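Structure first, then comments.
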Amino acid sequence: MSPSILTEANDLIHGDRQASYGHPRTNLDRVAALWSVPLGVTVTAEQVCLCMALLKIARQVNKAKRDNLVDAAGYIALIERLGEP
251 MSPSILTEAN
261 DLIHGDRQAS
271 YGHPRTNLDR
281 VAALWSVPLG
291 VTVTAEQVCL
301 CMALLKIARQ
311 VNKAKRDNLV
321 DAAGYIALIE
331 RLGEP
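Counting from 251, one number per residue, gives the positions in the sequence shown under our numbering.
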């Protein structure tokens, strides 16, 4: 039996991806800074998470795939991780 979507998302954001890329805040801050330039507004790491989750939801509306839901849940869960040291 497959793990739940939330369990799978949790495993991803605390497991292999963190081992490969470090704490998510580093990359999310970098993405926020990059997005801020063309948008002409200050984008936060939390807003990056929300926008990425919405991107995954838009994909899900177009074509339902479990991976879209796992990734959307993961991006939402990363918001909580932004408060970690």
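Each residue gets a CB set at the ideal place from its N, CA and C atoms; glycine is no exception. Note that the structure is a prediction, hence the values are computed from the model and not measured.
Apart from the 5 residues on each side of it in sequence, Gln268 sits with its Cβ closer than 8 Å to the Cβ of Pro274 in its chain, given in chain order. Following the DSSP letters along the chain, one finds Pro253 in no alpha helix (DSSP H), marked with neither H nor E.
The shortest C-alpha to C-alpha distance from Thr257 to any of Arg331, Gly324 and Ile329 is the one to Gly324. A direct Cα-Cα distance of roughly 7 Å separates Ala303 from Asp321. Straight-line spacing of the CA atoms in Cys299 and Leu332 works out to 10 Å.
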